[in-house]
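**Q** So in numbering that gives the first Met the number 0, spot 195 of the sequence shown is number 194, and the numbers just go up one at a time. Okay, handing you the structure first.
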Amino acid sequence: MANSAVQILAYVLCFGGLCGLLVSTCMTDWKSSEHGNGETTTSVDSEGLWMRCSSGSGTQITCTPFPSILNLPTKIKVCRGLMITSIILCCLAALLTIPGLKCTKCLDESEQLKSKTAITGGVLFILGGLCALGLISWFAYNVAAEFKSTTTGLIRYTFGDALYVGGAAALVSIIGGALMCISSKPGKHFRSHVEKPSQKSQNQATAYV
């Protein structure tokens with residue numbers, strides 16, 4: 000029962016991580032920059048993986064999608080590819096893990112197969128989280144390097160909210176996947192179930208003699 004509760008908690012964490020990765024991928028502020036005179040901010044510029052946005056002193060925000068994928072910078076292509084890969088891995092893990100959960104009746108005829116299915120899903124969640132976390136760390140490093148190398152007077156970008164959302168989601172996916180693997184090992188009742196037939200055959204042999 001305890002392992003089943005941990006499994007459910009792990010799945011909730013993993014699913015929350017998947018949602019966070021989807022949100023961060025769609026967000027338009029992977030890096031942002033504010034420009035202002037004195038204490039009043041006059042404009043905010045931000046860039047995501049799909050478009051560039053800017054807003055003036057008012058509330059109106061103007062977004063311009065990036066050109067076709069053939070004309071995109073290599074960095075944006077890599078970021079898109081790795082984030083989409085991470086999301087696909089987590090989606091596959093979310094589907095694969097469901098029949099392996101102890102609270103479901105799927106694969107009840109073979110607890111080993113049920114356990115392996117849940118563990119495989121947990122591993123996929125970990126891989127998806129590591130893929131996203133590595134990309135986000137690399138992107139953040141580039142933003143920091145650009146900030147230091149940009150001369151005064153030009154736009155200097157800082158970390159956007161999408162990096163924090165994506166980083167937190169990746170960590171949650173990794174933690175949830177690890178808990179899934181730990182809580183999905185076959186329990187003692189499975190081993191005792193395997194041992195019973197051999198014990199029964201030994202008793203029958205003794206009675207026969």
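Heads up, the beta-carbon is just placed ideally off N, CA and C, and yes, glycines get one too. Source: prediction; values computed, not measured.
Quick check for students: name the residue ranges of the alpha helix (DSSP H) that lie wholly in the stretch 32-99, counting only runs of 4 or more.
**A** 73-96
**Q** In the DSSP assignment, what are the bridge partners of F158?
**A** The residue given as residue 158 occupies position 159 in the sequence shown. Answer by DSSP bridge pairing, in chain order: K30.
**Q** If G175 and D28 are in contact, beta carbons under 8 Å, what's the gap, nearest whole angstrom?
**A** Looking up residue 175 in the sequence shown gives position 176. Looking up residue 28 in the sequence shown gives position 29. Not a contact, Cβ separation roughly 26 Å.
**Q** Determine the contact status of S183 and G99, defining contact as a CB-CB distance below 8 Å.
**A** Translated into the one-based positions of the sequence shown, residue 183 becomes position 184. Translated into the one-based positions of the sequence shown, residue 99 becomes position 100. In terms of Cβ geometry, S183 and G99 form a close pair [threshold 8 Å].
**Q** Excluding the five sequence neighbours on either side, which residues of its own chain have a C-beta within less than 7 Å of the C-beta of A139, listed in chain order?
**A** Walking along the sequence shown from the start, residue 139 turns up at place 140. Excluding sequence neighbours, A139 sits near F158, L162.
**Q** In angstroms with no decimal places, state the Cα-to-Cα distance between I68 and K104.
**A** Working through the sequence shown from its first residue, we reach residue 68 at position 69. Working through the sequence shown from its first residue, we reach residue 104 at position 105. Taking the straight line joining both Cα atoms gives about 45 Å.
**Q** Buried or exposed for S23, going by 16 or more other Cβ atoms inside 10 Å?
**A** Walking along the sequence shown from the start, residue 23 turns up at place 24. Counting the other Cβ atoms within 10 Å of the Cβ of S23 gives 16 or more, which makes it buried.
**Q** Nearest by alpha-carbon distance to G16: which of S32, V171, L88 is it?
**A** Taking the sequence shown and counting its residues from 1, one reaches residue 16 at position 17. Checked all of S32, V171, L88; the closest Cα to G16 is V171.
**Q** In terms of alpha-carbon separation, which member of E33, K76, L21 lies closest to S54?
**A** Taking the first residue of the sequence shown as 1, we reach residue 54 at position 55. Selected option, being the one with the closest Cα: E33.
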